[in-house]
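Read left to right, the sequence shown gives residues 7 to 101 (this note's numbering).
Notes to accompany the following structure.
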Amino acid sequence: MSSGNALSSMAVSRIGQRRQVVIPKRVFDSLKLRPGDFVEVSAEGGRLQMRPKRLVDIGDDALSPRDAVKVSRGEAEIAAGRSKSWRYVKDELGR
């Protein structure tokens, strides 16, 4: 048996009535998760995969330079009163 992280962090868990899965403590701890953290859940090749996911706030300074320019332009449009409501944009998009 290998001593890699994937095998040493394996455990069995049961799916509850509300489709909730409890992450076993040793897996939770090995991934340094905390209550309230997010996980990305996907299915691929008949396997369920969960991966820790970090959501990014605009204030986190984690935007690419290109995205930062877009945000700045959007904020300038709002400040100048040139914004459109979601209802208007949604109608324009035909949704």
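C-beta atoms are modelled at their ideal positions from N, C-alpha and C, and glycine is treated no differently.
Source: prediction; values computed, not measured.
- Rounded to whole angstroms, the separation of the alpha carbons of F44 and P30 is 16 Å.
- Contact between A17 and R32 holds, since their C-beta atoms are separated by about 6 Å, short of 8 Å.
- When beta bridges are read from the DSSP output, I29 appears opposite no residue.
- Looking at the DSSP output, K59 bridges to F44.
- For I21, there is no enclosing alpha helix (DSSP H), as DSSP marks it with neither H nor E.
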